[in-house]
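Report on one structure; see the data block that follows.
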Amino acid sequence: MTRPLGDLALPSAAQCVPVTVLALKVLADLRSWAAEHPQVLGATPIEALAISTAAISPWRGASELRPAARMYVWAYALDDHVEQNVRSLDELDDLFGRCEAVVRGGARDDSHPLLASLSGWQSDLEGAPHYPKLAGLWGDRFAEALRGERYDWTAGLARDLGEGPSDPQEYLTYAASSNAWITHFPRWATSDRDDLLESLPLLDSALEAIEVAVRLSNDLATFERERAEPGQNNILMYDTSPAWVQDELDRYARKAREQLDPPATAGFAPAVELLRLLDWSVTFYSGADFRGWGSDRDLTGESGAPVTTRS
Numbered sequence: 001m002t003r004p005l006g007d008l009a010l011p012s013a014a015q016c017v018p019v020t021v022l023a024l025k026v027l028a029d030l031r032s033w034a035a036e037h038p039q040v041l042g043a044t045p046i047e048a049l050a051i052s053t054a055a056i057s058p059w060r061g062a063s064e065l066r067p068a069a070r071m072y073v074w075a076y077a078l079d080d081h082v083e084q085n086v087r088s089l090d091e092l093d094d095l096f097g098r099c100e101a102v103v104r105g106g107a108r109d110d111s112h113p114l115l116a117s118l119s120g121w122q123s124d125l126e127g128a129p130h131y132p133k134l135a136g137l138w139g140d141r142f143a144e145a146l147r148g149e150r151y152d153w154t155a156g157l158a159r160d161l162g163e164g165p166s167d168p169q170e171y172l173t174y175a176a177s178s179n180a181w182i183t184h185f186p187r188w189a190t191s192d193r194d195d196l197l198e199s200l201p202l203l204d205s206a207l208e209a210i211e212v213a214v215r216l217s218n219d220l221a222t223f224e225r226e227r228a229e230p231g232q233n234n235i236l237m238y239d240t241s242p243a244w245v246q247d248e249l250d251r252y253a254r255k256a257r258e259q260l261d262p263p264a265t266a267g268f269a270p271a272v273e274l275l276r277l278l279d280w281s282v283t284f285y286s287g288a289d290f291r292g293w294g295s296d297r298d299l300t301g302e303s304g305a306p307v308t309t310r311s
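Okay, so the sequence shown: first residue is 1 according to the numbering used here, each after it adds one.
Dropping the structure here:
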């Protein structure tokens with residue numbers, strides 16, 4: 001039951017327990033996984049990511065959510081590495097080519113901790129119920145996310161030289177850099193619902209709209225920080241305004257909801273899950289950033305300042 005507090009209708013403490021326990025279980029697994037690859041995973045915001053994973057899919061078990069939660073962490077680690085360590089386009093293309101080879105071919109690559117962690121993750125995912133039928137789509141969308149990351153890197157570099165792009169529509173074509181698609185996909189692969197495959201075109205279309213909404217909500221949340229950092233690429237650095245960005249965010253969110261509301265109303269869990277992803281992401285970014293809450297903070301320094309990267 002809910003507990004009113006003034007004008008607020010709050011869930012009871014007992015209602016909060018299941019999702020809290022689920023988040024703690026997910027967090028415990030993420031801590032163990034990060035400890036296996038501390039060079040690249042150790043400074044990721046695993047606390048916020050564990051809570052997000054549980055809040056979006058509170059009816060699932062921790063083991064079922066492991067692939068999704070770990071991909072959240074891996075995607076953040078990739079962002080960090082690209083922003084902080086990659087020094088040339090050749091280096092970036094080599095890394096991304098190796099990542100795509102792992103995902104498409106399944107061949108293990110231990111040449112870098114990012115690739116080693118991705119290789120283990122990919123091997124585990126291939127045993128998921130729906131993965132064989134979704135492998136082609138996964139490879140294509142993963143490559144699309146990498147193209148978005150590449151665009152952000154090259155645009156940020158050009159902007160530092162006073163030559164950055166200005167067309168917001170071009171920016172939106174690379175919104176897969178939000179990684180919303182690749183971090184949600186494991187929920188489909190691990191599902192035991194046969195009707196998920198029948199509804200895949202609708203779910204895929206809705207998730208593509210959601211990833212744009214997530215990209216824009218992230219940009220609104222992080223612009224003040226990113227405008228002072230080198231190598232950044234944010235929609236508000238283009239020929240836009242916060243009002244325009246909010247209108248576009250609302251438009252893409254509305255597009256996703258129009259597709260998902262009918263099946264969600266009928267009790268189709270994958271549609272409900274996507275709506276929860278949309279609502280969680282947009283609402284969270286309206287008041288916070290995923291960065292700076294725990295493991296991604298420099299707790300050994302005097303300031304304890306959060307690691308500052310794009311996501």
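Even glycine gets a Cβ: it sits at the ideal position worked out from N, Cα and C.
Treat the numbers as computed from the prediction; the structure is a model and nothing was measured.
Quick check: the Cα distance between residue i and residue j, rounded to an integer number of angstroms?
| i | j | result |
| --- | --- | --- |
| residue 33 | residue 116 | 12 angstroms |
| residue 113 | residue 126 | 20 angstroms |
| residue 284 | residue 278 | 10 angstroms |
| residue 148 | residue 6 | 45 angstroms |
| residue 190 | residue 274 | 15 angstroms |
| residue 58 | residue 19 | 6 angstroms |
| residue 88 | residue 268 | 45 angstroms |
| residue 85 | residue 64 | 33 angstroms |
| residue 124 | residue 139 | 15 angstroms |
| residue 92 | residue 241 | 31 angstroms |
| residue 134 | residue 9 | 41 angstroms |
| residue 56 | residue 280 | 7 angstroms |
| residue 157 | residue 82 | 12 angstroms |
| residue 302 | residue 292 | No answer about residue 302 holds up, because its pLDDT of 37 lies below 50 and its placement is not dependable. |
| residue 96 | residue 111 | 13 angstroms |
| residue 152 | residue 16 | 38 angstroms |
| residue 120 | residue 146 | 19 angstroms |
| residue 209 | residue 184 | 13 angstroms |
| residue 237 | residue 226 | 10 angstroms |
| residue 162 | residue 196 | 47 angstroms |
| residue 167 | residue 282 | 23 angstroms |
| residue 246 | residue 220 | 8 angstroms |
| residue 321 | residue 229 | Because the chain spans 1 through 311 in this model, residue 321 falls outside it and cannot be assessed. |
| residue 194 | residue 188 | 10 angstroms |
| residue 204 | residue 251 | 17 angstroms |
| residue 160 | residue 262 | 46 angstroms |
| residue 141 | residue 215 | 16 angstroms |
| residue 306 | residue 286 | Interpretation of residue 306 is limited by its pLDDT of 36, a score under 50 that renders its predicted location unreliable; the figure taken from the coordinates is listed afterwards. If I take the Cα positions, the gap works out to 19 angstroms. |
| residue 66 | residue 104 | 21 angstroms |
| residue 94 | residue 14 | 50 angstroms |
| residue 222 | residue 258 | 28 angstroms |
| residue 150 | residue 60 | 33 angstroms |
Please check if any C-beta of chain C sits within less than 8 angstroms of the C-beta of residue i.
| i | result |
| --- | --- |
| residue 116 | The displayed structure is made up of one protein chain only, and chain C is not part of it. |
Are the Cβ atoms of residue i and residue j separated by less than 8 angstroms?
| i | j | result |
| --- | --- | --- |
| residue 256 | residue 206 | yes |
| residue 129 | residue 199 | no |
| residue 28 | residue 290 | no |
| residue 30 | residue 73 | yes |
| residue 217 | residue 249 | yes |
| residue 175 | residue 211 | yes |
| residue 71 | residue 186 | yes |
| residue 312 | residue 109 | Nothing can be reported for residue 312: it is not among the residues displayed for the chain, which extend from 1 to 311. |
| residue 35 | residue 53 | no |
| residue 253 | residue 213 | yes |
Excluding the 5 residues flanking residue i on each side, which residues of the same chain have their C-beta closer than 7 angstroms to its C-beta?
| i | result |
| --- | --- |
| residue 39 | 113 |
| residue 143 | 100 |
| residue 62 | 22, 25, 26, 29 |
| residue 172 | 212 |
| residue 192 | 129 |
Beta-carbon within less than 6 angstroms of residue i's beta-carbon, same chain only, minus the 5 sequence neighbours each way: which residues are those?
| i | result |
| --- | --- |
| residue 165 | 155 |
| residue 272 | 264 |
| residue 50 | 23, 26, 27, 30 |
| residue 239 | 166 |
| residue 37 | 113, 117 |
| residue 224 | none |
| residue 276 | 56 |
For residue i, which residues of its own chain have a beta-carbon under 8 angstroms away from its beta-carbon, when the five flanking residues on both sides are left out?
| i | result |
| --- | --- |
| residue 106 | 122, 123, 126 |
| residue 102 | 108, 109, 115, 118, 119, 122 |
| residue 131 | 125, 138, 189 |
| residue 170 | none |
Is any heavy atom in the ligand HEM found nearer than 7 angstroms to the beta carbon of residue i?
| i | result |
| --- | --- |
| residue 237 | The model depicted lacks the ligand HEM and carries no ligand whatsoever. |
- Query: At a cut of 8 angstroms, does the stretch 179 to 187 reach the stretch 222 to 241 through at least three beta carbon pairs?
  - Reply: The stretch 179 to 187 vs the stretch 222 to 241: no contact.
- Message: If contact is defined by three or more beta carbon pairs under 8 angstroms, each pair taking one atom from either stretch, is the stretch 71 to 86 in contact with the stretch 42 to 54?
- Response: The stretch 42 to 54 is in contact with the stretch 71 to 86.
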